[in-house]
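*Asks:* Numbering (my numbering), first residue to last: 86 to 1356. Following this message is one structure expressed as structure tokens.
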């Protein structure tokens, strides 16, 4: 149990100084004149104070009650083998009656005391004739696993009590010359880097030690340590913990989130010490994992500066030794051959720089960066675009406190002054963190474009090629580092940290393009205009050079967009709350500690009762703190109750390991009490049913990061699919299968590795060369901003003159040689016919291509010679794709056709001419469909269908659309993303939710992960949250502003099948929501507090859905449909009617029309709708046939219509192609108005968009969403 407790503020408090005997010897030598100078003495550990601090007597007295858990249970012994005086301060006399037995000093197992004295006095320890000013410095300890512990050291001076046998006397008085002073160090060690808070704590202790007797020093330090051990660490969020340690109020700031470290130091210190160039050089050295040594004459400055830079590179983490303060005995550490970051006193600068090569030497005091071997010529520069943005951001930082408060008056209260300074520092720290995070984002933004998440591959070579040549030395060095490898793991695991949030808030142009299409990298007209306006040498670029002939041109990349410099950085407005701990009790007995915890629990209870119910974020922090304190007190059930409330408030801070340990430690009596408390019983059940796997195979898999490599052996189909997906060329499995057919040779159907290498090289060269295509300004003005040039021919003779034919996704046009402008040949949707012929030239017949357009009388003819057949294939494919897109209102068909065209071009370029056209023709998917399987779209479908979108666009295979939800926009309000547009929520398999902007139908969030099981229902509430029911029995709650899922309702025991909301009677009534699960359980929730209002269980088959009509609940189960009162009493029931002519079936949907006294029902395996009259529920009054249907899958009421989604069936005239139909039924006439051929698989979900549109989603063979107009 103790291994899972969160550590408190204090791990140990250690007193370091000179042992009495050694001090006595040093004083004797000095005063006898044996030492001309003040002697240097050896420091050692004098006292160790570590929790628990309760005395044995106190524990024995309370032995009958529960014993609190200790934060530190695994301990080792540290026995001082000397007299009792060695464990006390030198010169201290033993109290009367104290035994001479040496105590067994117990220290935490993870703390090593061997090198601690040297680190507490890194410059050495000596005696003084004059008292020194107290000073502080800071330490970082790192174990072999990379776990860090932090220390704050107070060095202060006390007079050495004279020893009678060595003292000199003059006239009966002690000689002033014999008065000596000795340094002592008090080191407070903590698991968290609370440097400022612990320094303030030691400052308070110092004020007490200055005025206390020597005999009280041990007790004062012990009491100080015991107080700090009682302080809990605040959970991640905006709640800070405050406690009183007279005369100061100490503040423990919380972490920003669970991935972010504690920030309790002044982040602007490096900005005061270094100029911009030096700051960027240091960051480069850290990212490149160089051997780095900081120097300063101030020991405190070393650790604070190093820790600032560790925070500056977040979310990247330093993976190597970190020793920011080396003592003079440890200087040989800088000879280590591996990467490290260390700190030395400035007096050792010359010694270190001479003895060791290849060190990056950083002088903090002078603000300089140099190298021990040569100049910094081998240290690459930060990418120029990121550096320029950082320079601008730095100029906007206000780094001087006095300038900021110059207009304010002076406070007479020290705590008020400290609070004012703290507020300023926290605001500045937040600004600096945003600036540094933006720098890291601008450096590594393009990494995401070269990641393959399915196979966990990073294509480093293509990433390097995409960068500006001047930036490539930086990336070549950084990409090989351990720190970058760890960063890649987090990106591939899709870690939602500060980096990801900023990346989503400031998307690049490439990411904006990928929102709507899975774009193959080609510059759009918008990119070309920006490039031509910013580039001075654009006139020197070759105009319209043929793509295959650009290999000799130097590679150029599209200017990468960093965040807009003129746009201020957006940061979340933090509303910091402070919770003040109760005053500490004066004694250390177990009973007083328990009384302190009781007071703390009482204060937390008051804070919870006064906190606004709607502020669940703050409530969660209070519940977490109270749960931790209850755990420390041994009140397991109360702790479990507090942690259970985190599901309703903020599940992100739920301590899963601690809760599991609490559950495992429950006694028999406590287990019996759990069984009598439903909420705890559910929690215990969920904890025990979600035990972690015995092996760590999943974790190992998630740590893999592969580099893309060329194959070395022939590839069968399965290996070829994986290799192509890893390469980033194509993701769609069907397209890869066709590519395999085109490239495979022989009867074994394998792709030769050399063929793949040539194919991959040709593809990437063509992709890179496309960046250099530059069109005249008057041509770009005539084209759409989104158009890209995908293919450009050589100069050929055409019916419109000599020139180069260009192909975009929308049209063909001619760039005439010798004159400006362009000739619009045709748009693909206007093509009537494409055929190849031959043109007479002298005695030769030259292959030519003839294109007929419905918009022009003349037929366009081009003598394309050897490229004629290839251009014919490509134009026909795009023509067919455009026609398919127009007929089915699905723009993705054009994108897929473009992919096919580019693959054709690459295949034709990498294979021998005699095989090229035959192989390329195997990729003509849409042209073959147009010729072999003509699928005319019925008029009713064409008129009603408005658009199609693909929620699985960024996935390798199509996914089933399980649930759809439309949420209206908010006029006059803007969410975090900057707009109040309506949204479409789409639930795919394995807990994945995709969110579309319903104004533009573009994807805003490609993946919000809610659990791992399929989702079954969704409900929008109050425009602030979306509830999602899952097959794992959990209701997940998404905040529509932050788009994060931090709340869960876990009261159901089986699959949650439906959600419904009750209309509010008035503005003051509470909003209630209903949820049901397949086992018949119905729960009523208070939406504002997420409390369970009531629940009841229905005796029926599998409960699948429910609806509220006029404040009456109607429920649909497999065997019946029930009208249920809010108390759970069934009023009426419709039962399944046995029918000998049909196989057994069950209900799967219903609609209630109380104004018509009708209930409409559907069954899974029935192709009819049944209409029941409310006064006769024994037999349906009417049956409506759904022609050529295999069963109903979903129903939706829109105005006076019922839209019915059906399971896939085989159309009679569609050559056995499955069709998922939608029937639109007129309720008044009880007839089918429309029959819509919606999808090529079963219709799985329907939803309404304000009764203006209906959206339908289908199973995975189709996997798309269709948008229909309601008439």
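Quick reminder that beta carbons are idealized off the backbone N, C-alpha and C, glycines included.
Alpha carbon to alpha carbon, how far is residue 664 from residue 449?
*Replies:* Position 579 of the chain shown, counted from the first residue, corresponds to residue 664. Position 364 of the chain shown, counted from the first residue, corresponds to residue 449. Going by the C-alpha atoms only, they are around 37 Å apart.
*Asks:* With burial defined as no fewer than 16 other Cβ atoms inside 10 Å of the residue's Cβ, what is the status of residue 1148: buried or exposed?
*Replies:* Counting from 1 along the chain shown, the entry for residue 1148 is found at position 1063. By the neighbour-count rule (16 or more Cβ atoms within 10 Å), residue 1148 is not buried but exposed.
*Asks:* Beta-carbon within less than 8 Å of residue 744's beta-carbon, same chain only, minus the 5 sequence neighbours each way: which residues are those?
*Replies:* Counted from its first residue, the chain shown places residue 744 at position 659. Within the same chain, residue 744 has close Cβ partners 725, 728, 768 and 772.
*Asks:* Should residue 331 and residue 297 be called a contact, given that it needs their Cβ atoms to be closer than 8 Å?
*Replies:* Walking along the chain shown from the start, residue 331 turns up at place 246. Walking along the chain shown from the start, residue 297 turns up at place 212. No, the pair does not count as a contact, with Cβ atoms beyond the cut-off.
*Asks:* Buried or exposed: where does residue 493 fall if 16 or more other Cβ atoms within 10 Å of its Cβ makes it buried?
*Replies:* Taking the first residue of the chain shown as position 1, residue 493 is located at position 408. Exposed is the call here.
*Asks:* What span of residues does the beta strand (DSSP E) with residue 1140 cover, start to end?
*Replies:* By 1-based counting over the chain shown, the position of residue 1140 is 1055. No beta strand (DSSP E) contains residue 1140, which DSSP labels as neither H nor E.
*Asks:* Quick check on the DSSP output: the beta strand (DSSP E) that includes residue 512 runs from which residue to which?
*Replies:* Position 427 of the chain shown, counted from the start, is the residue given in the question as residue 512. Counting along the chain, residue 512 falls outside any beta strand (DSSP E), though it belongs to the alpha helix (DSSP H) covering 499-529.
*Asks:* Quick check on the burial criterion: 16 or more other C-beta atoms within 10 angstroms. Buried or exposed for residue 93?
*Replies:* Position 8 of the chain shown, counted from the start, is the residue given in the question as residue 93. Looking at its Cβ environment, which holds 16 or more other Cβ atoms inside 10 Å, residue 93 is buried.
*Asks:* Considering only C-alpha positions, which residue in the set 948, 940 and 914 is nearest to residue 929?
*Replies:* Locating residue 929 in the chain shown gives position 844, counting from the first residue. Comparing Cα positions, the closest option is 948.
*Asks:* For residue 48, which of 951, 980 and 865 has the nearest alpha-carbon?
*Replies:* Any property of residue 48 remains undetermined from this structure, which presents the chain solely from 86 to 1356.
*Asks:* Tell me whether residue 1105 is buried or exposed, calling it buried when 16 or more other Cβ atoms sit within 10 Å of its Cβ.
*Replies:* As a working note, residue 1105 is residue 1020 in the chain shown. Flag for residue 1105 reads buried.
*Asks:* Using only the alpha-carbon positions, how far apart do residue 306 and residue 667 sit?
*Replies:* Within the chain shown, the letter at position 221 stands for residue 306. Within the chain shown, the letter at position 582 stands for residue 667. Each residue's Cα considered, the two are about 20 Å apart.
*Asks:* Skipping 5 residues on each side, what residues in its chain have a beta carbon closer than 8 Å to that of residue 910?
*Replies:* As a position in the chain shown, residue 910 is number 825, starting the count at 1. Excluding positions up to five away in sequence, the list reads 885, 890, 896, 897, 898, 899, 936, 938 and 945.
*Asks:* Have a look at 468, 491, 1182 and 587 and flag the residue whose alpha-carbon is nearest the alpha-carbon of residue 556.
*Replies:* Indexing the chain shown from 1 puts residue 556 at position 471. If we check each option's Cα against that of residue 556, 468 comes out closest.
*Asks:* Can you grab the Cα-Cα spacing for the pair residue 198 / residue 133, in whole Å?
*Replies:* Mapped onto the chain shown, residue 198 falls at position 113. Mapped onto the chain shown, residue 133 falls at position 48. Cα to Cα, the separation comes out at about 10 Å.
*Asks:* Mind checking whether residue 201 and residue 136 have CB atoms under 8 Å apart?
*Replies:* Within the chain shown, residue 201 is the residue found at index 116, counting from 1. Within the chain shown, residue 136 is the residue found at index 51, counting from 1. Not a contact, by the Cβ cut-off of 8 Å.
*Asks:* Does the structure place the region 543-554 close enough to the region 387-396 that three or more beta carbon pairs sit under 8 Å?
*Replies:* The region 387-396, when compared against the region 543-554, does not touch it at the 8 Å Cβ threshold.
*Asks:* Are residue 367 and residue 454 closer than 8 Å when you measure CB to CB?
*Replies:* Taking the first residue of the chain shown as position 1, residue 367 is located at position 282. Taking the first residue of the chain shown as position 1, residue 454 is located at position 369. The answer is yes: Cβ separation under 8 Å.
*Asks:* In angstroms, rounded to a whole number, what distance separates the CA positions of residue 961 and residue 1282?
*Replies:* Along the chain shown, one-based indexing puts residue 961 at 876. Along the chain shown, one-based indexing puts residue 1282 at 1197. Their backbone Cα atoms lie some 43 Å apart in a straight line.
*Asks:* Tell me where the alpha helix (DSSP H) around residue 932 begins and ends.
*Replies:* Locating residue 932 in the chain shown gives position 847, counting from the first residue. Unbroken run through residue 932 is the beta strand (DSSP E), 929-938; no alpha helix (DSSP H).
*Asks:* Contact between the region 420-428 and the region 376-387 is defined here as three or more beta-carbon pairs at a separation below 8 Å; is this criterion met?
*Replies:* Enough Cβ pairs lie closer than 8 Å, so yes.
*Asks:* Does the region 997-1009 touch the region 1325-1332, meaning 3 or more C-beta pairs lie closer than 8 Å?
*Replies:* The region 1325-1332 is not in contact with the region 997-1009.
*Asks:* If we ignore side chains and look at the alpha-carbon of each, how far apart do residue 1337 and residue 1285 end up?
*Replies:* If you number the chain shown from 1, residue 1337 lands on position 1252. If you number the chain shown from 1, residue 1285 lands on position 1200. Cα to Cα, the separation comes out at about 13 Å.
*Asks:* Look up residue 1333 in the DSSP assignment and say whether it is helix, strand or coil.
*Replies:* On the chain shown, residue 1333 is found 1248 positions in, with the first residue counted as 1. The answer is strand: DSSP assigns residue 1333 an E or B state.
*Asks:* So, helix, strand or coil for residue 265, using DSSP?
*Replies:* Against the chain shown, residue 265 aligns to sequence position 180. DSSP places residue 265 in coil when its eight states are reduced to three.
*Asks:* Helix, strand or coil: which one does DSSP assign to residue 1051?
*Replies:* Against the chain shown, residue 1051 aligns to sequence position 966. Of the three classes helix, strand and coil, the one that applies to residue 1051 here is strand, per DSSP.
*Asks:* Could you give the C-beta distance for residue 1166 and residue 1180, rounded to a whole number, given that I count them as a contact under 8 Å?
*Replies:* On the chain shown, residue 1166 is found 1081 positions in, with the first residue counted as 1. On the chain shown, residue 1180 is found 1095 positions in, with the first residue counted as 1. Rounded, the Cβ-Cβ distance is 6 Å, consistent with contact.
*Asks:* Report the rounded CA-to-CA distance for residue 1366 versus residue 932, giving the unit in angstroms.
*Replies:* No answer is possible for residue 1366: the residues shown for the chain start at 86 and end at 1356.
*Asks:* When you compare the CB positions of residue 1230 and residue 1250, do they come within less than 8 Å of one another, or not?
*Replies:* On the chain shown, position 1145 is the one that residue 1230 refers to. On the chain shown, position 1165 is the one that residue 1250 refers to. Cβ distance < 8 Å, so residue 1230 and residue 1250 count as in contact.
*Asks:* Could you compute how far the alpha carbon of residue 827 sits from the alpha carbon of residue 992?
*Replies:* Residue mapping note: residue 827 aligns to position 742 of the chain shown, counting from 1. Residue mapping note: residue 992 aligns to position 907 of the chain shown, counting from 1. In a straight line, the C-alpha of residue 827 is about 8 Å away from that of residue 992.
*Asks:* Please look up how many angstroms separate the CB atoms of residue 291 and residue 219, rounded, as I've assumed it's under 8 Å.
*Replies:* Locating residue 291 in the chain shown gives position 206, where the first residue counts as 1. Locating residue 219 in the chain shown gives position 134, where the first residue counts as 1. The Cβ separation is near 6 Å, so the contact holds.
*Asks:* Tell me whether residue 312 is buried or exposed, calling it buried when 16 or more other Cβ atoms sit within 10 Å of its Cβ.
*Replies:* Position 227 of the chain shown, counted from the start, is the residue given in the question as residue 312. It is buried - the Cβ of residue 312 has at least 16 other Cβ atoms within 10 Å.
*Asks:* Find the nearest neighbour of residue 439 within the set 876, 1027 and 457, judged by alpha-carbon distance.
*Replies:* Locating residue 439 in the chain shown gives position 354, counting from the first residue. Nearest of 876, 1027 and 457 to residue 439, Cα basis: 457.
*Asks:* How would you call residue 660, buried or exposed, if buried means at least 16 neighbouring beta carbons within 10 angstroms?
*Replies:* Taking the chain shown and counting its residues from 1, one reaches residue 660 at position 575. Label assigned to residue 660: exposed.
*Asks:* Is it right to say residue 1044 is buried, meaning 16 or more other beta carbons lie within 10 angstroms of its own, or is it exposed?
*Replies:* Here residue 1044 refers to the residue found at position 959 when the chain shown is read from its first residue. Answer is buried; the Cβ neighbour count reaches 16.
*Asks:* Rounded C-beta distance between residue 568 and residue 401? I'm assuming under 8 Å.
*Replies:* To locate residue 568, count along the chain shown from 1; it is residue 483. To locate residue 401, count along the chain shown from 1; it is residue 316. Going by Cβ atoms, the distance from residue 568 to residue 401 rounds to 5 Å, so yes, they are a contact pair.
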